[in-house]
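Numbering follows the working numbering, with no gaps: position 404 of the sequence shown is 1050.
Where a beta carbon is used, it is the ideal one built from N, C-alpha and C, also for glycine.
A quick note: this is a predicted structure, and the numbers were derived from the prediction, not measured.
One structure below.
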Amino acid sequence: MFPGNNTTLWVVATVVPVSLLLTCFLACFLWIRKRRRRVTSMSGTVSVPTMSMEMEQVLKLWRIEESDSEFSIYDFDQIADATDNFSDEHKLGQGGFGPVYKGELPGGLEIAIKRLSSCSVQGLMEFKNEIQLIAKLQHTNLVRLLGCCVQAEEKMLIYEYMHNRSLDFFIFDDKKGKILTWERRFRIIDGVAQGLLYLHKHSRLRVIHRDLKASNILLDRDMNPKISDFGMARIFCSNVTEANTTRVVGTHGYIAPEYASEGLFSIKSDVFSFGVLLLEIITGKRTAGFYQYGKFFNLTGYAYQLWQDGRWHELVDPALGDDLPVPEVMKCLQVALLCVQDSADDRPNMSEVVAMLGSEGITMPEPRQPAYYNVRISNLTVSSGSFGESSCRISSITLTDHEEGR
C-alpha cells in the first residue's frame, strides 16, 4: 500500500547497522594504533610516532626482559629542545656512529646524545647492540645508558653526561696531562680493571668489549672512569671461552694479534687492549704512531725493550714529575707487559690483573716478548672512531659478520 515506506525501512535497516559496524571498527583501529604507538617506562609514558618494525620488536623484547628498569624512550622534540636543536655549541665531537651532543632535560639532568648518522659505517646493528646490551649492565665503572630515541629516520642513544670527557683528552696532552696525577691515574687503571672484570665474570652476561681504548674511557666530575661504547661488544654463553669472526673490528694498536690475524677473540683479547691502555696511561704516549721512537713501530715493543734494559723509568710520563711511588709504578708496568704478551695463554685474566694491582709485594712472572705485529697487516680500511680517532677494519678477512663460539 505504501511502497515508499517499505523502501525507507529497508534503507534504515541496512545503513544503520553498517554505519555502526564501521564506526566500531574505526574506533578499535584508532585505539589499537594509539596503544601501539606508546611506550611505557618508569619515568612516564611517551609517544614514539614512527618506529620501524625491527626496532619496535627490539624495544618490545627489551621491555619484557627489563620491565623494572629505568631505561626510557625519549621523544625527538625532548632531545631537540635539550640540545638547542642540535646546535654546534652543544656538539661534543664526531664518531663513527655519528655526532655526539651535550643536552639538558627540563629537570636539570645533563645528558650526552649519540645521534646515528644516516651514512654511519657502524649503523643500526651497533645501535641495537647498545640497547640490548649496556642497558642490562650495571656497574660503577660502566657508563649508564639512560634511554634512546627512535622516531622516523632518527635514532639516538641517551647517556649520563661525563663532565671530563674521555681519557685521551688528558693523557695525550702535555698541559692537561698534569691534571692526572699518579694517584688519579692509578684510580683510573683500577676502575677500568674492575669494569672489565665485571663484564668478563660478574655480570649476568659474559661480555667481550672488543674496542677498549683511551677514547672509550669516559671520566666523570671526580675523574672516575667509565667504560663506554658497546657497539662492537659480544655476549658469550657461560660455557664459551672464545669465538671466531671473519669481521675484525677495533682500533689499530689495541687489537690482539690472534684477533687481527685469525679473527679469534676472547676475554684475553680484551686483556691485551687493557695492557696497551695501561702503557698509554703510564707513558702519556699513543700506541698507534709510536714508530718514530727507536726501531719500534708500537709502544708495546718499545716498553718491553726498556723494561729488559732496566731503563723503565724512561717510559714514565714527564708530566707526572719525580715524586712517584716507584714500586707501584713498576708493578703497573709489569702488569701491562704481562697483558700484551704475544700468546693469549700467557696473558693473565682480569681476576688475576685486579689481584696483582691490589696487592703489595706479590710475586709476578716476568713478561715474555710482547706482540710486535710481525705479520704485516695490509689493506686497512680506516674509519673514524670516537672524537675523530681512527679505527681500522682488516678488509682482507672481512667477509661476513658470522661468528662461531668454542
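Please state the DSSP three-state secondary structure of residue i.
| i | result |
| --- | --- |
| residue 1006 | coil |
| residue 1028 | Confidence is the limiting factor: at residue 1028 the pLDDT is only 37, short of 50, which leaves the residue's position unreliable, though a coordinate-based value still follows. Correct three-state label for residue 1028: strand. |
| residue 859 | coil |
| residue 901 | coil |
| residue 742 | coil |
| residue 728 | helix |
| residue 912 | strand |
| residue 978 | helix |
| residue 951 | helix |
| residue 844 | helix |
| residue 891 | strand |
| residue 874 | coil |
| residue 813 | coil |
| residue 756 | strand |
| residue 718 | strand |
| residue 802 | strand |
| residue 665 | helix |
| residue 865 | strand |
Counting only the same chain and skipping the five closest in sequence on each side, list residues whose C-beta sits under 6 Å from that of residue i.
| i | result |
| --- | --- |
| residue 749 | 728, 729, 757, 759 |
| residue 942 | 948 |
| residue 665 | none |
| residue 996 | 842, 843, 846 |
| residue 1004 | none |
| residue 852 | 882 |
| residue 763 | 744 |
| residue 1007 | none |
Is the distance from the Cβ of residue i to the Cβ of residue j below 7 Å?
| i | j | result |
| --- | --- | --- |
| residue 1054 | residue 793 | The requested residue 1054 does not occur in the structure, where the chain is confined to residues 647 to 1052. |
| residue 865 | residue 810 | yes |
| residue 854 | residue 911 | yes |
| residue 945 | residue 970 | no |
| residue 780 | residue 791 | yes |
| residue 807 | residue 789 | no |
Of all the options the options, which has the alpha carbon lying nearest to the alpha carbon of residue i?
| i | options | result |
| --- | --- | --- |
| residue 923 | 873, 829, 953, 906 | 873 |
| residue 868 | 950, 1004, 745, 787 | 787 |
| residue 984 | 921, 958, 752 | 921 |
| residue 890 | 904, 982, 751 | 904 |
| residue 782 | 762, 849, 724 | 849 |
| residue 919 | 818, 857, 803 | 857 |
| residue 799 | 722, 741, 827 | 722 |
| residue 825 | 967, 999, 977 | 967 |
| residue 914 | 906, 993, 951 | 993 |
| residue 716 | 733, 732, 672, 777 | 777 |
| residue 744 | 802, 1009, 1010 | 802 |
| residue 738 | 753, 724, 751, 761 | 761 |
| residue 590 | 851, 956, 917 | Past the boundaries of the shown model lies residue 590; the chain is included only from 647 to 1052, so the question cannot be answered. |
| residue 592 | 819, 733, 726, 834 | The structure shown does not extend to residue 592, since the chain is modelled only from 647 to 1052, so the question has no answer here. |
| residue 796 | 755, 827, 724 | 724 |
| residue 828 | 972, 950, 998 | 972 |
Using C-beta distances below 7 Å, list every residue in its chain close to residue i, excluding the 5 sequence neighbours before and after it, in chain order.
| i | result |
| --- | --- |
| residue 736 | 729, 730, 747, 748, 749 |
| residue 974 | 832 |
| residue 870 | 837 |
Skipping 5 residues on each side, what residues in its chain have a beta carbon closer than 8 Å to that of residue i?
| i | result |
| --- | --- |
| residue 933 | 899, 900, 922, 925, 926, 944, 945, 946 |
| residue 952 | 958, 960, 961 |
| residue 1010 | 977, 980, 981, 984, 1002 |
Examine the Cβ distances between the segment 889-902 and the segment 826-843 and report whether three or more of them are shorter than 8 Å. no
Touching or not, the segment 1010-1018 and the segment 971-989, by the rule of three or more beta carbon pairs under 8 Å? yes
Would you check if the segment 810-825 and the segment 861-868 touch, i.e. whether three or more CB-CB distances between them fall below 8 Å? yes
Mind the definition here: the segment 843-855 touches the segment 868-881 only if three or more C-beta pairs lie below 8 Å; say whether that holds. yes
The segment 910-929 touching the segment 957-965, judged by at least three CB pairs closer than 8 Å: yes
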